[in-house]
Amino acid sequence: MSLEIQSLDVISVNIWQILISLVNLVLIFLILKKILYKPVRETLKQRQNAVDKIYDDANSARNAAMSEKAEYDEKLSHAHDEATEIVSSARERAQRVGDEIVNDANRRAAQLMKRADDEIAGQRKKAMNEIKDEISGLSVDIAEKVIGREINESDNKSLIDEFISGIGDDNG
Amino acid sequence: MNKTLKFRIVDIFYLFLIIAPLVAGMVIKVLTEPAAEGIKIAGANIFFTIPFFIQDIVITESQINSWLIIITILGICLYLTHGLKTVPGLKRQHLAEMAVEKVDALVLENMGEMFMGFSPFIAGIMILSALSSLSCLVGMYSPTSDINVTAGWAILVFILITHYKLKGGFGNYLKSFAEPVVILTPMNIISEIATPVSMAFRHYGNVLSGAVISALLGSFLGGLTKKLPGILGQIPFLRAGIPAVLSLYFDIFSGCMQAFIFAMLTMLYVSGGFPGEAYEKRMKRKIERAKKRAEAKARAAADKV
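So the sequences go chain by chain: A and B. When we follow this note's numbering, the leftmost residue of the first sequence carries the number 1, and every step to the right adds one. When we follow this note's numbering, the leftmost residue of the second sequence carries the number 1001, and every step to the right adds one.
Next up, the structure:
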């Protein structure tokens, strides 16, 4: 190529060249602002928002968990109280029921004893009477044999009965 | 993350957008660089000259390369922000977020909460300056070794400085020149003008000097090999490795350093020149005046009724 290329001096000032360079810098500023800074800043902001949201969610979840825990704690302590109450009331009732049962048993035993005593007394009386009858019969028989004669049995009998009852009373 | 075919195609397009301008820059350089013997230290090659008032519009390598680099940066931005997700799926997203957050932190540290809108501007200065300086690694002419380019940036920064100084009120701005004593006014005016000039020349000078020293050293080593006897003198093998070491400093380190310095100075000058107290007072006064005006209006309306 035989192009005749001129070149500037090492120092040569040209207003238009200066102006072009100034405009170039403004152009670069606009390029960086619109194409690099704007999308990057937007992305960073979005990420910040996302992170903030995650933190907020975590915080609210933790708060919810804490309040729930407090609720459970309260419930648990309530349950303890309730359990103690239930146990004490149950024990009281058991005590009462047990006392009742023992009293009842005692009473029934006393009753049974009394009835048995009564029966024994009745039996004894009955046996006594039988014995009295027998003895009086025997005495009459013996007296007949001894005296050898017939006496008014009924008279004698009442006489002897009187006598024996006197003995029985002394014994009974 | 599963990349769909469409996603891959768009990715390839963006990567093409990043690489193609650099390749184009190389090709243009190779096609237009006039073969020259010896050292040639000159400014950028001129492609077009458009007659215009005041001065002709000259389109040189600096402008073309700047535009190519802007396309590369556009490609980088598109590539990095392609497929952004709330939950990062791609490595490039981490890179994009890291870049934005690092620059944000830097701006917050040096300028304060009020100037957070400067973050893309600072990032823009850094990447444009750094890539411009580094473009010499692929053989392109560094736009930053042209005084016009850095002067344009410095003037933009100067406009921003003045804009924020004027936020404290015009009277306050004028008064700041006569501080601490009136005699120092000329000095203050000079230092005000010196700010953009020094910024422009510092950046330009560093990059250009690196290029000049590299050219000198390369030429020196080339000449040195020619003095060697026999076949050794035929191949300029000394040029092969040694300039790379210097290039490491002048092109990579110095280029990144100057980009960082330019960005730091921008932050410090803009936030340092901003009269915070005066601005607050002025805002308060403005609010009170607006309140009074509203009250007066309400009263007038009531009178009418």
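Glycine included, each C-beta is placed from N, C-alpha and C at the ideal position.
Between B:Ile1041 and B:Ala1215, the gap from beta carbon to beta carbon is short of 8 Å. Sequence-ordered contacts of the segment 58-69 of chain A with chain B are nonexistent [C-beta pairs closer than 7 Å]. Contact check for B:Val1270 and B:Met1111: beta-carbon distance about 7 Å, within the 8 Å limit, so the pair qualifies.
Linking B:Gly1171 to A:Lys45 through their CA atoms gives a straight-line distance of about 41 Å.
Taking 9 Å as the Cβ-Cβ cut-off, the segment 24-36 of chain A approaches chain B at Asn24, Leu25, Val26, Leu27, Ile28, Phe29, Leu30, Ile31, Leu32, Lys33, Lys34, Ile35 and Leu36, given in chain order. One finds Ile31 and Ile35 in chain A with Cβ atoms closer than 8 Å to the Cβ of B:Leu1074, taken in chain order. It is roughly 14 Å from the alpha-carbon of B:Ser1219 to the alpha-carbon of B:Gly1233. The continuous stretches of alpha helix (DSSP H) do not include B:Thr1049, which lies in the beta strand (DSSP E) extending over residues Ile1046 to Ile1050.
Nearest to B:Met1140 by alpha-carbon distance, out of B:Ala1024, B:Leu1017, B:Lys1165 and B:Ser1254, is B:Ala1024. A direct Cα-to-Cα measurement between B:Ala1151 and B:Gly1117 gives close to 23 Å. Among the CB atoms of chain A, none fall inside 8 Å of the CB of B:Ile1161. At the C-beta level, B:Ser1135 and B:Ser1142 come within 8 Å of one another. The closest CA to that of B:Ile1147, considering only B:Lys1167, B:Met1199 and B:Tyr1164, is found on B:Met1199. Residues of the segment 1022-1051 of chain B that bring their beta carbon within less than 7 Å of a beta carbon in chain A comprise Leu1031, Thr1032, Pro1034, Ile1041, Ala1042, Gly1043, Ala1044, Asn1045 and Ile1046, in sequence order. A Cβ-Cβ separation of about 15 Å leaves B:Ala1194 out of contact with B:Thr1185 under the 8 Å criterion. A residue is called buried when at least 16 other Cβ atoms come within 10 angstroms of its Cβ; A:Asp155 does not meet this threshold and is exposed. A distance below 8 Å separates the beta carbons of B:Met1126 and B:Ala1259.
Across the segment 1074-1093 of chain B, CB contacts with chain A closer than 9 Å involve Leu1074, Ile1076, Cys1077, Leu1078, Leu1080, Thr1081, Leu1084, Lys1085, Thr1086, Val1087, Pro1088 and Gln1093, in sequence order along the chain. Within chain B, the residues Gly1043 have their CB atoms less than 7 Å from the CB of A:Ser12, given in chain order.
Looking from the CA of B:Asp1251, the closest CA among B:Asn1045, B:Lys1226, B:Ala1302 and B:Ser1133 belongs to B:Ser1133.
In this model, A:Asn14 and B:Gln1055 are separated by some 7 Å (Cα to Cα). Taking the Cα of B:Glu1101 as reference, the smallest distance to any Cα among B:Ser1119, B:Phe1253, B:Lys1297 and B:Val1087 is reached at B:Ser1119. Contacts with chain A (Cβ-Cβ distance below 7 Å) from the segment 1128-1154 of chain B involve Leu1128, Ile1147, Asn1148, Val1149, Ala1151, Gly1152 and Trp1153, listed in chain order. Between the alpha carbons of B:Ala1244 and A:Leu36 lies a gap of roughly 34 Å. The residues Ile1018, in chain order, have a CB closer than 6 Å to that of B:Ile1076 in the same chain once the five nearest residues on each side in sequence are set aside.
Annotation note: the segment 1198-1272 of chain B contains no uninterrupted beta strand (DSSP E) run of length 3 or greater. Between the alpha carbons of A:Ile160 and A:Ile120 lies a gap of roughly 26 Å. Counting C-beta pairs closer than 8 Å gives three or more between the segment 1069-1089 of chain B and the segment 23-32 of chain A, which meets the contact rule.
Residue contact check for B:Ala1211 against chain A: no CB pair falls below 8 Å.
When DSSP reads this structure, B:Thr1060 sits in a beta bridge with B:Ile1046. For the segment 1134-1202 of chain B, the full-length alpha helix (DSSP H) segments reaching 4 residues or more read 1147-1165 and 1170-1177 along the chain. Boundaries of the alpha helix (DSSP H) around A:Gly137: Lys38 to Ile147.
When only Cα atoms are considered, B:Ile1287 and B:Tyr1279 end up about 12 Å apart. Distance check between B:Arg1239 and each of B:Tyr1249, B:Leu1221, B:Phe1253 and B:Gly1230 places B:Leu1221 closest, using alpha-carbon atoms only. Straight-line measurement puts the Cα of A:Glu144 at about 28 Å from the Cα of A:Lys125.
For B:Phe1016, the enclosing alpha helix (DSSP H) has its first and last residue at Leu1005 to Thr1032.
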